[in-house]
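Visitor: Just remember that my numbering sits 4 ahead of the position in the sequence shown, which is counted from 1. In this text, a Cβ means the ideal position worked out from N, Cα and C, and glycines have one as well. One structure coming up, written as structure tokens, with questions to follow.
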Amino acid sequence: MMETTYQKPSQQGYYGKFGGAYIPEMLHRNVEELQSRYLDIMSDASFQQEFRGLLKDYVGRPTPLYLAKRLSKLHNTNIWLKREDLCHTGAHKINNTIGQILLAERLGKKRIIAETGAGQHGVATATVCALKGVECIVYMGEKDIERQAPNVARMKMLGATVVPATSGSKTLKDATNEAIRDWINNPNDTHYIIGSVVGPHPYPDMVAKFQSVISEEMRWQLKEHTGAELPSHVVACVGGGSNAAGAFYHFLDELSVQLVAVEAAGEGVHSGMSAATTQLGKPGVLHGSKSLVMQTEDGQVVEPHSISAGLDYPGIGPLHANLFDSGRGLFLSATDEEALKAVFELCKLEGIIPALESAHALAALHQLKFKENDQVILCLSGRGDKDLATYMKHI
5 MMETTYQKPS QQGYYGKFGG AYIPEMLHRN VEELQSRYLD IMSDASFQQE
55 FRGLLKDYVG RPTPLYLAKR LSKLHNTNIW LKREDLCHTG AHKINNTIGQ
105 ILLAERLGKK RIIAETGAGQ HGVATATVCA LKGVECIVYM GEKDIERQAP
155 NVARMKMLGA TVVPATSGSK TLKDATNEAI RDWINNPNDT HYIIGSVVGP
205 HPYPDMVAKF QSVISEEMRW QLKEHTGAEL PSHVVACVGG GSNAAGAFYH
255 FLDELSVQLV AVEAAGEGVH SGMSAATTQL GKPGVLHGSK SLVMQTEDGQ
305 VVEPHSISAG LDYPGIGPLH ANLFDSGRGL FLSATDEEAL KAVFELCKLE
355 GIIPALESAH ALAALHQLKF KENDQVILCL SGRGDKDLAT YMKHI
């Protein structure tokens, strides 16, 4: 498929006015090495063969596209769930970590670092490091370590070292800061596997490309089911935005497809306890790229809040900032309460326990108006095991 301006950043890594690489001098060599080599490595036939092979035989792709009949009946339309929760490790994150570990291998890197919020990216990184026998260090906010205990245990079982981030809000932003600090100190032997479409160029493009397998499958699967490969809507939750980038990717230039991104409103968009970046953010630089960032008048990052650790981030990927800014994407938000309600609704209607992140996308279905013959695909980005402690409090 032809790449469009929506899919493809400029040579400097900009999507419209967002993107780029704003990095300390110490990281220039690493980032430049990635920028100059990632496309060649990724397009190499042996890379593609190994990547596709692992996605099929190790991750369990393609993931099903499931017509949720009782959920569809509730909304009087056709709602398809893209079952990323059925990937090995329980979320879409593994698509990207498989790609990046193969990239790191070809760059000769012997040590892997990562940041994680909900722990799914940490687990996916620890998994591929175990697969390849590579040292793995995962930075995770102290607060997230508490609320995502099962994933912390999984990472340790897989042989990763989990390092708590104890500064700031002790969540994803702070874990990312610590990971960047580590990378500055260990530039030669270390590859940083960023888990979302954030960070300096080429990360947003690289992660979106690895995750684009989601929408690649959606197209042929929908055609198999309905005879047409374009849905009316694609709905996904957005923190940094990797599952949404993957779900939107092969529809970005199909203007008949409504792309719906759902952020975490927390206790309400204007409650002071929110992570709805497009509603609250202004252009700024965070973690190596220019995007929309929740910040004070003098540019200090505002602490975000979401019940879901994976959406608890004060920024958004530059690809999404451009979709918002250009009007190509419709950006909605769902509160903690709405997300919880959506969890129990899906459990009772379809026998599927979703992750809290995905539940935000489910909650937004109630804000949209559908026609009876619409084909709505919702990216069910992860499964809910990791959130059971939270769910137990609300049963």
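1) Give me the DSSP bridge partner(s) of Asn82.
2) Here's a check: name, in chain order, each residue in its chain whose Cβ is nearer than 7 Å to the Cβ of Gln262, leaving out the five neighbours to either side.
3) Taking just the CA atoms, how far does Val201 sit from Val35?
4) Taking the CB atoms as reference points, tell me whether Ala169 and Glu150 lie closer together than 8 Å.
5) Cutting at 6 Å between CB atoms, please list the residues of its own chain near Asp389, excluding the five before and the five after it.
6) Provide the residue span of the alpha helix (DSSP H) that contains Ala118, from first to last.
7) Give the range of the alpha helix (DSSP H) segment to which Phe348 is assigned.
8) Rounded to a whole number of angstroms, what is the C-alpha to C-alpha distance between Met6 and Leu259?
9) Measuring straight from C-alpha to C-alpha, what distance separates Trp224 and Asn190?
10) Give the range of the alpha helix (DSSP H) segment to which Leu327 is assigned.
11) Can you grab the Cα-Cα spacing for the pair Asp48 / Lys147, in whole Å?
12) Leaving out five residues before and five after Asn82 in sequence, what residues of the same chain have Cβ atoms less than 7 Å from its Cβ?
13) Are Ala368 and Leu336 close, meaning C-beta to C-beta below 8 Å?
14) Please classify His370 as buried or exposed, where buried requires at least 16 other C-beta atoms within 10 Å of its C-beta.
15) Can you list, in chain order, the residues of its chain whose CB lies under 6 Å from that of Phe22, leaving out five sequence neighbours each side?
16) Between the C-alpha atoms of Leu284 and Ala134, what's the straight-line distance to the nearest angstrom?
17) Let's test the definition: count the other Cβ atoms within 10 Å of the Cβ of Leu384 and tell me whether it reaches 16, buried, or not, exposed.
18) Leaving out five residues before and five after Leu107 in sequence, what residues of the same chain have Cβ atoms less than 6 Å from its Cβ?
19) Which whole-angstrom value is the C-beta distance of Gln152 and Ala346, which I expect to be below 8 Å?
20) By a C-beta neighbour count over all protein chains shown, 10 Å radius and 16 as the cutoff for buried, is Ala240 buried or exposed?
21) Have a look at Phe374 and Arg74 and give me their C-alpha separation to the nearest angstrom.
22) Output needed for Arg65: all residues of its chain with C-beta closer than 6 Å, excluding positions within five of it in sequence on either side, in chain order.
23) Do the stretch 93 to 107 and the stretch 193 to 212 make contact, defined as three or more Cβ pairs closer than 8 Å?
24) Take Gly270 and list the residues in its own chain whose beta-carbon comes closer than 8 Å to its own, dropping the five residues that flank it on each side.
25) Should Ile184 and Ala118 be called a contact, given that it needs their Cβ atoms to be closer than 8 Å?
26) Mind checking Ser173: buried by the 16 CB within 10 Å criterion, or exposed?
27) Tell me which residues share the same chain as Thr120 and place their Cβ nearer than 7 Å to its Cβ, disregarding the 5 neighbours each side in the sequence.
28) May I ask you to report which of helix, strand or coil DSSP gives Phe255?
29) Taking the alpha carbon of Ala122 as the reference point, which residue from Ser362, Glu376 and Leu366 has its own alpha carbon closest?
30) In this structure, how does DSSP classify Ala249 when only helix, strand and coil are distinguished?
31) Is the closest heavy atom of the ligand COA to the C-beta of Ala367 under 7 Å?
32) Just how far apart, CA to CA, sit Leu372 and His79?
33) So, is Glu29 buried or exposed, given that buried needs 16 or more other C-beta atoms within 10 angstroms?
34) How far does the beta strand (DSSP E) with Gly288 in it extend, from its first residue to its last?
35) Is Gln124 closer than 8 Å to Gly386 when the C-beta atoms are compared?
36) Let me know the secondary structure DSSP gives Glu146 once reduced to three states.
Guide: In this structure, then:
1) Gln379
2) Ser236, His237 and Leu334
3) 15 Å
4) Judged by their CB atoms, Ala169 and Glu150 are not nearer to each other than the 8 Å cut-off.
5) none
6) No alpha helix (DSSP H) holds Ala118; the beta strand (DSSP E) holding it covers Arg115 to Thr120.
7) Residue range Asp340 to Glu354 is occupied by the alpha helix (DSSP H) that includes Phe348.
8) With a pLDDT of only 45 at Met6, under the threshold of 50, the placement of this residue in the model should not be trusted, and no figure is reported.
9) 43 Å
10) Pro322 to Ser330
11) 41 Å
12) Leu71, Ser76, Asp378, Gln379 and Val380
13) yes
14) Burial is judged here by how many other beta carbons sit within 10 angstroms of a residue's own beta carbon; His370 has fewer than 16 and is exposed.
15) Beyond the five residues adjoining it in sequence on each side, Phe22 comes within less than 6 Å, by CB distance, of Lys294, Ser295, Pro322, Ala325 and Asn326 in the same chain, given in chain order.
16) 39 Å
17) buried
18) Once the five neighbours on either side are set aside, the close Cβ partners of Leu107 are Ile45.
19) Wrong, their Cβ atoms sit about 20 Å apart, outside the cutoff.
20) buried
21) 15 Å
22) For Arg65, same chain residues with a beta-carbon under 6 Å away, outside a window of 5 residues either side, are Leu59 in chain order.
23) yes
24) Met277, Ser278, Ala279, Ala280, Pro308, His309, Ser310, Ile311, Thr339 and Asp340
25) Contact: no.
26) With 16 or more other Cβ atoms within 10 Å, it is buried.
27) Gly126, Val142, Met144, Ala179 and Gly199
28) DSSP places Phe255 in helix when its eight states are reduced to three.
29) Ser362
30) Assignment of Ala249 by DSSP, reduced to helix, strand and coil, places it in the helix class.
31) Absence of the ligand COA from the depicted structure is noted, as is the absence of any ligand whatsoever, leaving it without description.
32) 9 Å
33) exposed
34) Lys286 to Leu290
35) yes
36) Three-state DSSP puts Glu146 in a helix.
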